[in-house]
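Chemist:
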Amino acid sequence: MNRSKTLGWTLPIISVFAMLCIWEFVVREFSVPDYIMPAPSGVAAYLWGAIADNSLPSAIWVTVKRLMQGYAIGLAVGIPVGMLCARFSLFRDTIGTLALGLQALPSVCWAPLAIIWFGLSETAMLFVVVMGTVWSLILATQHGVNSIPPIYMRAARTMGSTGLHMWIHVIAPAAFPSILGGMKQGWAFAWRSLMAAEIYVTVLTGFGLGQLLHYGRELMDMNQVIGVMSVVILVGLVVDKAIFSPIENRLRTRWGIAGN
Amino acid sequence: MGIREELENVTAKLVVKNVSKTFSSSRGKVEALRDVSLRVGEGEFVCLVGPSGCGKSTLLNLVAGLDKPDSGEIKVDDIPVKGPGRDRMVMFQEHALFPWLDVFHNVLFGLKLKPNLTNPERREVAKFYLHLVGLDKFANADIHELSGGMRQRVALARSLAPNPRILLMDETFGALDALTREQLYGEIQQIWQKRKKTILFVTHNIREAVCLGDRVVLFSPHPGRIIETFDIDLPRPRDINDPALTEHSGKITAMLKNQTEGSAEE
Ligand SMILES: Nc1ncnc2c1ncn2[C@@H]1O[C@H](COP(=O)(O)OP(=O)(O)OP(=O)(O)O)[C@@H](O)[C@H]1O
Ligand SMILES: [Mg+2]
Chain A
808 MNRSKTLGWT LPIISVFAML CIWEFVVREF SVPDYIMPAP SGVAAYLWGA IADNSLPSAI
868 WVTVKRLMQG YAIGLAVGIP VGMLCARFSL FRDTIGTLAL GLQALPSVCW APLAIIWFGL
928 SETAMLFVVV MGTVWSLILA TQHGVNSIPP IYMRAARTMG STGLHMWIHV IAPAAFPSIL
988 GGMKQGWAFA WRSLMAAEIY VTVLTGFGLG QLLHYGRELM DMNQVIGVMS VVILVGLVVD
1048 KAIFSPIENR LRTRWGIAGN
Chain B
198 MGIREELENV TAKLVVKNVS KTFSSSRGKV EALRDVSLRV GEGEFVCLVG PSGCGKSTLL
258 NLVAGLDKPD SGEIKVDDIP VKGPGRDRMV MFQEHALFPW LDVFHNVLFG LKLKPNLTNP
318 ERREVAKFYL HLVGLDKFAN ADIHELSGGM RQRVALARSL APNPRILLMD ETFGALDALT
378 REQLYGEIQQ IWQKRKKTIL FVTHNIREAV CLGDRVVLFS PHPGRIIETF DIDLPRPRDI
438 NDPALTEHSG KITAMLKNQT EGSAEE
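The following block contains the structure:
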C-alpha cells in the first residue's frame, strides 16, 4: 500500500521531468524558433516573471473566484431543482426536459448569449459558469434520487423519518454517489466554458487566466501561451486531486464500491 | 424520559380483523389478502408460513403501516394503525441498512428521531443494542465490511433500538447460510425472551417457523388467506435440529402440500 503510493507519485514526476528534458534538448538541438515551440526554460522564465510581477497569481485568483462563485450557484440551484424534478412530474416534464436538451449543448455556446444579455461584465462570466454546471447537476441529482432502492425509504419511514428529514438524511446521502458524478461533470464543463469565455471577453473588472492566454497570443509570446496553458492544466489537476479524489475515496471505502 | 425507562421491556398485543387487500396492476387485479383475521398476544412469537405470493409480506407491510388495507382494521393495543410508527419496527428480507452510515450510526438513526432523549442517552442505548447482538467491536465498521449474518444482526439492533412493542420480520434469515442461520435462531430466541417483544415472523421455511414460533399460521395463495393455525408447545430454547420439531413440521408440510395440490387442480 505504502509502496504503491510512493511509486504512484514518483513515476509521473520522473516521466514529466524526462519529457521536459527531451523537449528542452530537441528545441536547442534543432534550433526550433520560439514562435513555434518555446523551450521549457523560456516558459519557466515567463512563469517566474509573471509570478514576480503578480500578473499570474492575480489572474489565477480572478479565474478561480469566478469559477467558485458560479459553481456554488450551480450547486445551490442544481441539486434542489434536481430533487424537485425527481419528486414532481410537473418539474420533471418542464425543467427536467429542458435540462436534458441544454446539457447536450457544449457550454462554450453560452458565451455569445451571455455577452448579448449581460454585456462585457462579470455577470456574463458568472452566467456561463452557472450554465455549464447547473444542467449536469439537475440531471445527475434527478437520476440519483430516482434510482434509490425504495427499501431505504421504507425502512426510514418505519423509524419515523418523514418529509424534510427524509430528504436530508436518507434521499440526499443515498443519491450522493450520483450527485458527485454530476458535480465532477459540472466542474469540467464550467472550467472549459469559463476559459472560453475569458478568451472571448475582456472584462475590465478582472484579468483571468483566459485573458492572459489571449494576450499571449496577441503578442505572439509563445512562452506566455504555453506557460498559461500549463497553469490551466495544473489548476484542473489540483482541483481533481485535492477536492474530488478525497471525496470519491471516502465514498468508495464507506460504500464499498470497488474498482477505480 | 431517562435511559432506564427507555430500555424497559415493552410489548403489545396485535389484532388483525377481516383485513383484505387487492393490488391492481397493468396485468389485472391480485387479491393479496382476503378476510384475514389474526390475534397475537403480548410477547407472543407468531410465524407466518405459506407458498410464495400468498400475501405474507403484504400483511407485514399493513401491520407496519407502510400500506393501507382496503377493508378491515389493524389494532395495536386497541389503537388503530394509521401509518408507520416506532411501536412497530420492521426487519426486511434484504437488510436495508444505510450504506452511507457506519454500523453505530445505522443503529442510532431511529433513536435520533425519538424525542425526549438526550444525545448521550441515545448513544448509550445504541451501544446497549450493539452489545446485545454481539457487535460492540464493529461499531465503526462500514456496512459493506460485514458478513451477511453480521448485517442481519445490525439490522436487528437497529430495529430493537427505538424499543418497539412489536417486531415484524420478513424472511430475515432467508439469504443466510445454514450455519449462520442456526446461530441466529438461538440469538433471536434469547433476545426475544430477554426483551419480551411481540414478534411476527414471516418465513418460507417450515422447520424454522416451528423452531421459533409459539404459533405457526399457515397461509394459502390466490387469494391469500389463513387456512390453519398450529400451536407449538415445545420447551425453549429450541434447537433447529431437535427431532421433536419434525412431528410439527411434518404436519404443517403435509397440509401445505395438500393445499398446493388442491390449488393446482383449480
Ligand atoms: N405493490 C404491489 N403491486 C402489485 N401487486 C403486488 C404488490 N405487492 C404484492 N403484490 C402481489 O400480491 C401478492 C402477494 O404478495 P406478497 O409479497 O405479500 O407475497 P409473499 O407471501 O410475501 O410472497 P414471498 O414468499 O414470495 O415473499 C403477490 O401475488 C404479488 O404479486
Ligand atoms: Mg414476501
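Going line by line, the protein sequences match chains A and B.
Note that my numbering numbers the first sequence so that position 103 is 910, with each residue one more than the last.
Note that my numbering numbers the second sequence so that position 240 is 437, with each residue one more than the last.
Cβ coordinates follow ideal geometry from the N, Cα and C atoms, glycine included.
These figures come from a predicted structure and were not determined experimentally.
(1) Using three-state DSSP, classify B/K218 as helix, strand or coil.
(2) When burial is assigned at 16 or more other CB atoms within 10 Å of the CB, is B/Q387 buried or exposed?
(3) Mark A/V833 as exposed unless 16 or more other C-beta atoms lie within 10 angstroms of its C-beta, in which case mark it buried.
(4) Using a Cβ cut-off of 9 Å, pull out every chain A residue sitting near B/H302, in sequence order please.
(5) When you measure from the CB of B/E405 to every non-hydrogen atom of ligand 3, does any distance come out below 7 Å?
(6) Over what stretch of residues does the alpha helix (DSSP H) that includes B/R435 continue unbroken?
(7) By the DSSP assignment, the beta strand (DSSP E) with B/T426 in it spans what residues?
(8) Look at the alpha carbon of A/S838 and the alpha carbon of A/M1029, and state the distance between them as a whole number of angstroms.
(9) I want to verify the contact list: residues of chain A whose CB lies under 9 Å from the CB of B/R283, in sequence order.
(10) Contact criterion: CB-CB distance below 8 Å. Does B/A323 meet it with respect to chain A?
(11) What in chain B is Cβ-close to A/P980, meaning under 7 Å?
(12) Taking 8 Å as the threshold (beta carbon to beta carbon), is A/A962 in contact with chain B?
(13) Would A/D986 pass as an interface residue toward chain B - the criterion being a Cβ-Cβ separation below 8 Å?
(14) Excluding the five sequence neighbours on either side, which residues of its own chain have a C-beta within less than 6 Å of the C-beta of B/K393, listed in chain order?
(15) Closer than 7 Å to a non-hydrogen atom of ligand 1 - does that hold for the CB of B/A229?
(16) Measuring only the C-alpha atoms, how far is B/A336 from B/G238?
(17) When you measure from the CB of A/A991 to every non-hydrogen atom of ligand 2, does any distance come out below 7 Å?
(18) How would the residue list near ligand 2 read, in chain order, if you kept each one whose beta-carbon is closer than 7 Å to any heavy atom?
(19) Helix, strand or coil for B/C244 per DSSP?
(20) State yes or no: is the C-beta of B/V304 within less than 8 Å of the C-beta of B/R355?
(21) Comparing C-alpha positions only, which one of B/R348, B/E228 and B/G250 sits nearest to B/T400?
(22) Measure the alpha-carbon distance for A/M826 versus B/G307 and round it to whole angstroms.
(23) May I ask you to report which of helix, strand or coil DSSP gives B/G371?
(24) Using DSSP with H/G/I as helix, E/B as strand and the rest coil, what is B/R353?
(25) Pull up the CB-CB distance for A/S968 and A/H976, whole angstroms please, since I reckon it's below 8 Å.
(26) For B/E228, name the three-state secondary structure that DSSP assigns.
(27) Can you tell me whether A/T948 is helix, strand or coil according to DSSP?
(28) Report the three-state DSSP secondary structure of B/K253 (helix, strand or coil).
(29) Using a C-beta cutoff of 8 Å, does B/F289 count as contacting chain A?
(30) State buried or exposed for B/K226, treating a residue as buried only when at least 16 other CB atoms are found within 10 Å of its CB.
(31) Does the distance from the C-beta atom of A/L874 to that of A/W998 stay below 8 Å?
(32) Do we get a CB-CB distance below 8 Å when we pair A/W1062 with the residues of chain B?
(33) Can you pull the DSSP bridge partners for B/I271?
(34) With B/V287 and A/T965 assumed to form a contact (beta carbons below 8 Å), what rounded beta-carbon distance in angstroms separates them?
(35) With DSSP as the reference, label B/E463 as helix, strand or coil.
(36) Using the C-alpha atoms, what's the distance from B/G252 back to B/P418?
Modeler: Once the coordinates are examined:
(1) Taking the second sequence and counting its residues from 1, the one referred to as residue 218 of chain B is at position 21. It is a strand residue.
(2) For the purposes of this step, residue 387 of chain B is identified with residue 190 of the second sequence, where counting begins at 1. Exposed is the call here.
(3) Here residue 833 of chain A is taken as the residue at index 26 of the first sequence, counted from 1. Burial call: exposed.
(4) The residue you call residue 302 of chain B lines up with position 105 of the second sequence. Ordered by position in chain A, no residue passes the 9 Å Cβ test against B/H302, which lies about 10 Å from the chain.
(5) Ligands in the displayed structure: ligand 1 and ligand 2; ligand 3 is not one of them.
(6) Within the second sequence, numbered from 1, the residue matching residue 435 of chain B stands at position 238. Segment: none, B/R435 is in no alpha helix (DSSP H) and carries neither H nor E.
(7) Taking the first residue of the second sequence as position 1, residue 426 of chain B is located at position 229. Unbroken beta strand (DSSP E) run through B/T426: R422 to D428.
(8) Along the first sequence, read from residue 1 onward, the residue named residue 838 of chain A stands at position 31. Along the first sequence, read from residue 1 onward, the residue named residue 1029 of chain A stands at position 222. One C-alpha to the other measures close to 15 Å.
(9) Counting from one through the second sequence, the residue named residue 283 of chain B turns up at place 86. Within chain A, the residues near B/R283 are T965, M966 and G967.
(10) Taking the first residue of the second sequence as position 1, residue 323 of chain B is located at position 126. Cβ-Cβ to chain A under 8 Å: no for B/A323.
(11) As a working note, residue 980 of chain A is residue 173 in the first sequence. Here the neighbours are W297.
(12) Taking the first residue of the first sequence as 1, we reach residue 962 of chain A at position 155. A/A962 counts as touching chain B.
(13) As a working note, residue 986 of chain A is residue 179 in the first sequence. The sequence as given places Ile at residue 986 of chain A; Asp does not occur at that position. With 8 Å as the cut-off, A/I986 does not count as an interface residue toward chain B.
(14) Position 196 of the second sequence, counted from the first residue, corresponds to residue 393 of chain B. Answer for B/K393: N206, T208 and G240, listed in chain order.
(15) Taking the second sequence and counting its residues from 1, the one referred to as residue 229 of chain B is at position 32. Because some heavy atom of ligand 1 lies under 7 Å away, the Cβ of B/A229 counts as near it: yes.
(16) Within the second sequence, residue 336 of chain B is the residue found at index 139, counting from 1. Within the second sequence, residue 238 of chain B is the residue found at index 41, counting from 1. The alpha-carbon atoms of B/A336 and B/G238 are separated by roughly 34 Å.
(17) Locating residue 991 of chain A in the first sequence gives position 184, where the first residue counts as 1. According to the sequence shown, residue 991 of chain A is Lys rather than Ala. Not so, every heavy atom of ligand 2 lies at least 7 Å from the Cβ.
(18) The set of residues with a C-beta under 7 Å from any non-hydrogen atom of ligand 2 comprises B/K253, B/S254, B/Q290, B/D367, B/E368 and B/V399, given in chain order.
(19) Position 47 of the second sequence holds residue 244 of chain B. Three-state result, B/C244: strand.
(20) Residue 304 of chain B sits at position 107 when you count from the first residue of the second sequence. Residue 355 of chain B sits at position 158 when you count from the first residue of the second sequence. It is a contact, given that the beta carbons lie within the stated cut-off.
(21) Along the second sequence, one-based indexing puts residue 400 of chain B at 203. Comparing alpha carbon positions, the residue from B/R348, B/E228 and B/G250 closest to B/T400 is B/G250.
(22) Here residue 826 of chain A refers to the residue found at position 19 when the first sequence is read from its first residue. Here residue 307 of chain B refers to the residue found at position 110 when the second sequence is read from its first residue. Computed Cα separation, rounded: 57 Å.
(23) The residue given as residue 371 of chain B occupies position 174 in the second sequence. In this structure, B/G371 counts as coil in the three-state DSSP scheme.
(24) Reading the second sequence from its first residue, position 156 is the one you call residue 353 of chain B. Looking at the sequence itself, residue 353 of chain B is Leu, so the reference to Arg does not match. Three-state DSSP puts B/L353 in a helix.
(25) For this step, residue 968 of chain A is matched to residue 161 along the first sequence. For this step, residue 976 of chain A is matched to residue 169 along the first sequence. That belief holds up - the Cβ atoms of A/S968 and A/H976 are roughly 6 Å apart, short of 8 Å.
(26) Position 31 of the second sequence, counting from 1, holds the residue named residue 228 of chain B. Secondary structure of B/E228 (DSSP, three-state): strand.
(27) Walking along the first sequence from the start, residue 948 of chain A turns up at place 141. Reduced to three states, the DSSP call for A/T948 is helix.
(28) The sequence position of residue 253 of chain B within the second sequence is 56, counting from 1. Reduced to three states, the DSSP call for B/K253 is helix.
(29) The count along the second sequence starts at 1 and reaches residue 289 of chain B at position 92. With 8 Å as the cut-off, B/F289 counts as an interface residue toward chain A.
(30) Here residue 226 of chain B refers to the residue found at position 29 of the second sequence. With fewer than 16 Cβ atoms within 10 Å of its Cβ, B/K226 is classed as exposed.
(31) Counted from its first residue, the first sequence places residue 874 of chain A at position 67. Counted from its first residue, the first sequence places residue 998 of chain A at position 191. In contact: A/L874 and A/W998 (Cβ atoms closer than 8 Å).
(32) As a working note, residue 1062 of chain A is residue 255 in the first sequence. A/W1062 counts as touching chain B.
(33) For the purposes of this step, residue 271 of chain B is identified with residue 74 of the second sequence, where counting begins at 1. B/V213, per the DSSP bridge assignment.
(34) Position 90 of the second sequence, counting from 1, holds the residue named residue 287 of chain B. Position 158 of the first sequence, counting from 1, holds the residue named residue 965 of chain A. With a Cβ gap of about 5 Å, B/V287 and A/T965 count as contacting.
(35) Here residue 463 of chain B refers to the residue found at position 266 of the second sequence. Residue placement at B/E463 is poorly supported in this model, since its pLDDT is 46, which falls under 50; the coordinates still yield a value, given next. Note: B/E463 maps to coil in three-state DSSP.
(36) For the purposes of this step, residue 418 of chain B is identified with residue 221 of the second sequence, where counting begins at 1. For the purposes of this step, residue 252 of chain B is identified with residue 55 of the second sequence, where counting begins at 1. Whole-angstrom Cα-Cα distance: 7 Å.
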